[in-house]
Amino acid sequence: MMMLLANFLLLCSFCAGDVSQPEAFQTLTLEASATIKCYVVGNAACPKRVWYKLTSERKLELVATVNSHENHSIFANGFKYRYSVKFNAKENHLIISTTSWEDAGTYFCGVLHHNNIHFGNGTYLMVKGIRSVVQHPVSQSVQSGHSVTLSCSVDSAQCTAERIDVKWLWSSNRSDSEKIYLPGNRKASVCQSTDSRDMICVYTFHIKNFSSINAGSYICVVTSCGKTLLGNGSKLIADVTADKSPSFLIIIISSVSLPLCVCVITMGICHCTGNWFYTVTSY
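According to mature numbering (1 follows the signal peptide of the UniProt record, and there is no 0), the residues represented by the sequence shown are -17 to -1, 1 to 266, in order.
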């Protein structure tokens, strides 16, 4: 399986130029509809297309095969009822009518050409539940050099804390496409029971010596008993105007007082020189 996965990903990177998947990451609420877009570039004469899914367990599954010339599509077992494909010469969009937890994963659009499959870069689909994962703070301005802690509260329901895995997804302000997984703290800092006998566990992510490089959106990604859940996100903003340290104030005072002293000295010299010229002229 690992060899098949390695060959599959290598083929994806080699052939990505022929198939375009513009959205690398999509977030949807549970039971919402999803459209995973795919555009065929320069291969309009190739009618045979495919969709594959890479699950969170790194399992590769065939979703559907499409023939645009014959105007029909065939779906694999497990994808026959809520899945459809909207296709023409340039488009090959995968549509999910009502998303469920099992729909989370990475979807690859491909075109068959001379016994090879040319794949796109893939679209990672995340399904977000309702009140299952809550993050704090929603937004916070942080001064340079300070520390900040993000929290992620998980309603574990029937899943024990030992079967919960937490990662953090960081999206930089500099580029929407730049998304990096961060390990964070996989052990809950505290777990407590609710009135409904569910277990609420809190996971934290600590950033020391914050700088503008760390600014961006942080999303808590939870795998609970095989289901992938997504937090509401925390946005950290670099506060560059709040630096009021003594050294900063000394620099400000010096930069203001120095030109002022120069002006006073210059005015005094000009005044004396003016009187001297006046005396010489009167003589």
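In this text, a Cβ means the ideal position worked out from N, Cα and C, and glycines have one as well.
Does DSSP classify residue i as helix, strand or coil?
i, result
"asparagine 192", "coil"
"glutamate 145", "helix"
"glutamate 6", "coil"
"glutamate 85", "helix"
"asparagine 75", "strand"
"asparagine 197", "helix"
"leucine 232", "Residue confidence is low: leucine 232 scores 47 on pLDDT, short of 50, so the model does not pin down where it sits. Its coordinate-derived value is still stated next. Note: leucine 232 maps to helix in three-state DSSP."
For residue i, which residues from the same chain have a beta carbon less than 6 angstroms from its beta carbon, with the 5 sequence-adjacent residues on both sides left out?
i, result
"phenylalanine 70", "Val49 and Ser51"
"serine 124", "Ile220 and Asp222"
"aspartate 148", "Thr206"
"lysine 36", "Glu44, Val46, Gly88 and Tyr90"
"serine 122", "Lys218"
"serine 80", "Ser16 and Arg65"
"leucine 133", "Phe188, Tyr201 and Ser217"
"threonine 38", "Gly88"
"serine 194", "Ser127"
Given residue i, which residues of its chain have a CB within under 7 angstroms of its CB, disregarding the five upstream and five downstream residues?
i, result
"asparagine 75", "Cys21, Val23, Arg32, Val49, Val68 and Cys92"
"threonine 18", "His76 and Ile78"
"phenylalanine 62", "Val46 and Ala47"
"cysteine 29", "Val94, Leu95 and His96"
Decide if residue i is buried, meaning its Cβ has at least 16 other Cβ atoms within 10 Å, or exposed.
i, result
"serine 56", "buried"
"isoleucine 202", "buried"
"cysteine 208", "exposed"
"threonine 106", "buried"
"lysine 191", "exposed"
"histidine 101", "buried"
"alanine 72", "exposed"
"glycine 128", "exposed"
"lysine 42", "exposed"
"threonine 224", "exposed"
"glutamine 175", "exposed"
TODO: Quick one: which unbroken beta strand (DSSP E) runs of 3-plus residues sit fully inside the region 87 to 119? Chain order, please.
DONE: Counting only runs of 3 or more, we get 88 to 96, 99 to 102, 106 to 111 and 116 to 119.
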